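Numbering (the numbering used here), first residue to last: 179 to 281. Ideal Cβ placement from N, Cα and C applies to all residues, glycine included. These figures come from a predicted structure and were not determined experimentally. Written out below as structure tokens is the structure these notes cover.
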């Protein structure tokens with residue numbers, strides 16, 4: 179019983195960083211960096227990290243708010259990756275899934 183409760187608590191906590199605190203690059207581009215994207219990266223086709231790379235090229239010229247948004251996005255991604263690595267090391271998650279039966 180105690181082990182089941184601990185596993186359930188771990189699963190709930192492990193899922194929080196990935197869902198509750200996720201900051202998408204799109205929300206940064208359309209929010210705090212909107213003016214900078216229009217000013218410096220208007221010619222860049224969105225997708226594949228191209229807008230993010232453009233903003234990185236102009237980092238010294240970005241507003242504090244935009245830089246703060248980019249850092250928040252980076253921290254969100256790092257937290258998500260860290261929780262995934264932790265989940266992969268957990269024996270509960272490392273057992274291979276059984277394939278679905280073919281019909």
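| Check | Outcome |
| --- | --- |
| Run the CB neighbour count on residue 279, radius 10 Å, all protein chains shown included, and call it buried at 16 or more, exposed below. | exposed |
| What three-state label does DSSP hand residue 261 in the structure shown? | helix |
| Considering residue 213, what are the terminal residues of the alpha helix (DSSP H) in which it resides? | 212-218 |
| Pick out whichever of 244, 225 and 251 has its Cα sitting closest to the Cα of residue 203. | 251 |
| From which residue to which residue does the alpha helix (DSSP H) around residue 205 run? | 203-208 |
| Let me make sure I understand the geometry here. Which of 239, 259 and 249 has the alpha-carbon closest to that of residue 206? | 249 |
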